[in-house]
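Some notes on the structure that comes next.
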Amino acid sequence: MSDENQILQLEQALLRQAESLAREHMHSAETARARIQAESRERLRLREAREILAAKAEAERLFRRRMQAAETHLAAELDRLRWALTQSVIDQVRRSLAELTRDEGRYVDVLYGLFAASAAELPEGELVVEVNPADRDRLKPVWDDFVARAAPGRRVELIAHDQPSLGGLRVRSPEDRVRLDQTFEARLERLADVLAQRVMERLYASAPDLGTLVRGG
């Protein structure tokens, strides 16, 4: 074989080897490109999923903040309404009690009822009745008959207290170990607590849905 033929065969062999290597590299490149694209798509999918989750979490936080703000506003408004309604009723009752104290006959009957009920609840023995100075002067002339009818057989001392009071009375034992406060102020205070509870129950029962407030806000 001539030198020229040997050279030609060598060149062809080298060319085939180069083509084979080129095909291998191209295949490796295609595989790498496909892998990179797949990894990029997965990273993009994960990033989008994280962004969606973050957006959902932010929306949930915003919703909760608006819900809490609406609840706080509603609670404050209901509390203001409760106070206003309670005070309105208490003021009406206070005016009625003030009017009652100016009706001598009716008022003494009310004091009699309060004392009789209190004496029945307290243990046997002596009692002390505390009233405001005006009521002491009102009751003093009829006190013996008053006690005989309301707490027969019991010794009861009538004294005036020095605290501002529209009317009513306090009944206690001489040593002040037991006491019932039936002054109008104490009764109004107890009434206010009951009224506030009843009013709040009614207000919350009829309160609008908070979700509507949030959506409409």
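Per this note's numbering, residue 930 is the first one in the sequence shown, and the count goes up by one each step. We put the CB at the ideal spot given by N, CA and C, even for glycine. Everything numeric in this text was worked out from a predicted model, so none of it was measured.
Environment of residue i [buried if 16+ CB atoms lie within 10 Å]
i       : result
ARG915  : Outside the shown range of the chain (930 to 1146) lies residue 915, about which nothing can therefore be said.
GLY1145 : Low confidence applies to GLY1145: its pLDDT is 38, below 50, so where it sits in the model is not reliable enough to give any reading.
VAL1076 : buried
ALA1027 : exposed
THR960  : exposed
ALA909  : This structure leaves residue 909 out entirely; the chain is present only between 930 and 1146.
THR1001 : exposed
ALA999  : buried
Distance CB(residue i)-CB(residue j) smaller than 9 Å
i       : j       : result
VAL1100 : LEU1068 : no
ALA1046 : GLN1111 : yes
LEU1095 : THR1030 : yes
ILE1019 : LEU1087 : no
LEU1132 : LEU1007 : yes
GLY1054 : ARG1035 : no
VAL1147 : VAL1071 : As displayed, the chain neither begins before 930 nor continues past 1146, which places residue 1147 out of reach and without an answer.
Close beta carbons around residue i, own chain, < 8 Å, minus the five adjacent residues each side
i       : result
GLN935  : none
LEU1098 : LEU1040, LEU1043, PHE1044, SER1047, VAL1058, GLU1059, VAL1060, ASP1064, GLN1111 and THR1112
THR1015 : ALA1121, LEU1124, ALA1125 and VAL1128
GLU872  : The first residue shown for the chain is 930 and the last is 1146, placing residue 872 beyond what the model contains.
Nonlocal neighbours in the same chain, by C-beta distance under 7 Å from residue i, ignoring five residues either side
i       : result
THR1141 : Here THR1141 scores only 38 on pLDDT, less than 50, and its place in the model is too uncertain to base an answer on.
VAL1107 : LEU1051, PRO1052 and ARG1101
ALA986  : none
GLU1114 : SER1094 and LEU1095
Own chain, CB closer than 6 Å to residue i, minus 5 neighbours either side, in chain order
i       : result
MET1129 : ARG1011
ALA1080 : ALA1048
PRO1103 : GLU1055 and VAL1057
VAL1143 : Residue placement at VAL1143 is flagged as unreliable, the pLDDT there being 32, under the threshold of 50; a coordinate-derived value is accordingly withheld.
PRO1062 : ALA1089
* the stretch 1115–1123 contacting the stretch 1080–1091, beta-carbon criterion three pairs below 8 Å -> Note that the stretch 1115–1123 does not touch the stretch 1080–1091; fewer than 3 beta-carbon pairs, one per stretch, sit closer than 8 Å.
* Along the chain, which unbroken stretches of the beta strand (DSSP E) at least 3 residues long are found entirely within the stretch 1052–1102? -> List check, beta strand (DSSP E) in window: 1056–1060, 1085–1089 and 1097–1101.
* To do: Identify every run of the beta strand (DSSP E) within the stretch 954–1032, keeping only runs that are complete inside it and at least 3 residues long; order them along the chain.
  => For the stretch 954–1032, there is no continuous beta strand (DSSP E) assignment of 3+ residues that stays within its boundaries.
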